[in-house]
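Taking it in order: structure first as structure tokens, then the write-up.
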Amino acid sequence: KNEVEQSPQNLTAQEEEFITINCSYSVGISALHWLQQHPGGGIVSLFMLSSGKKKHGRLIATINIQEKHSSLHITASHPRDSAVYICAVSSGNQFYFGTGTSLTVIP
Amino acid sequence: NAGVTQTPKFQVLKTGQSMTLQCAQDMNHNSMYWYRQDPGMGLRLIYYSASEGTTDKGEVPNGYNVSRLNKREFSLRLESAAPSQTSVYFCASTGMVYQETQYFGPGTRLLVL
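For the protein sequence lines, the chains are A and B, in the order given.
Counting in this note's numbering, the first sequence tops out at residue 131, every number present.
Counting in this note's numbering, the second sequence tops out at residue 141, every number present.
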């Protein structure tokens, strides 16, 4: 059972490239979350959204509730953006996580 | 504010040994969670505590017990460790259960031999 699917699993980009990471889910949700996990292991929450679009600096997250799909965009990517990006959804009394997208940005 | 803290950072156990992972948060959050992260599996919820005095099972509770000691602290106990419990364990907290941004601790790497 995979309530949350992410694509791609791995992504390598050149610095300054526009990056998109996709997330699809199969359950009803109250919110969708994008998390960032750096090589050291720490996990930071980037966005929580239940509709529309949110922007923070060079990061943009969108969600389409009808299509059960969300995207995380990174504009003007930088090597410091290299990390694992994890999509998660809260559904009822559960929290489901995707397996993550490993992003490497090359200078 | 320290946010969410976890101890220890790393632990090696022999099969059958017991240990307790400690977690504390200083954000006055009501809800706390324990996850494990395994390669290729994503984060999986072990137990959560919606509020002080309550605990509930998550997706993978077998082999674990938890205690919500007070509003700040939520501990995870392995009574008889097994190699299958080798993992990285994360504690997290939110203001309200599943309704808000989660704040994660730095993780505990556990190796069971």
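In this text, a Cβ means the ideal position worked out from N, Cα and C, and glycines have one as well.
Can you check whether the C-beta of residue 118 (chain A) is within less than 8 Å of a C-beta belonging to chain B?
Under the Cβ distance rule, residue 118 (chain A) counts among the residues neighbouring chain B, one pair being separated by less than 8 Å.
Could you name the residues of the segment 65-86 of chain A whose beta carbon sits closer than 8 Å to any beta carbon of chain B, in the order they occur along the chain?
Residues passing the 8 Å Cβ filter: 65, 66, 67, 68, 69 and 72.
Let me know the beta strand (DSSP E) ranges lying completely inside the segment 58-102 of chain A, each 3 residues or longer, listed in chain order.
As far as the segment 58-102 of chain A is concerned, its whole beta strand (DSSP E) runs of at least 3 residues are 67-73, 76-80, 83-88 and 93-98.
Start-to-end residues for the beta strand (DSSP E) that takes in residue 141 (chain B)
From DSSP, residue 141 (chain B) is part of no beta strand (DSSP E); its letter is neither H nor E.
Could you round the C-beta distance between residue 77 (chain B) and residue 60 (chain B) to whole angstroms and report it? I think they count as a contact, below 8 Å.
So it is a contact: roughly 5 Å between Cβ atoms.
Excluding the 5 residues flanking residue 32 (chain A) on each side, which residues of the same chain have their C-beta closer than 7 Å to its C-beta?
Only 125 meet the Cβ criterion.
Under 8 Å between C-beta atoms, does residue 125 (chain A) make it to chain B?
Chain B, which has no Cβ nearer than 8 Å to the Cβ of residue 125 (chain A), makes this no.
Use the C-beta contact count for residue 42 (chain A): other C-beta atoms within 10 angstroms, 16 or more gives buried, fewer gives exposed.
Residue 42 (chain A) is exposed by the Cβ-count criterion.
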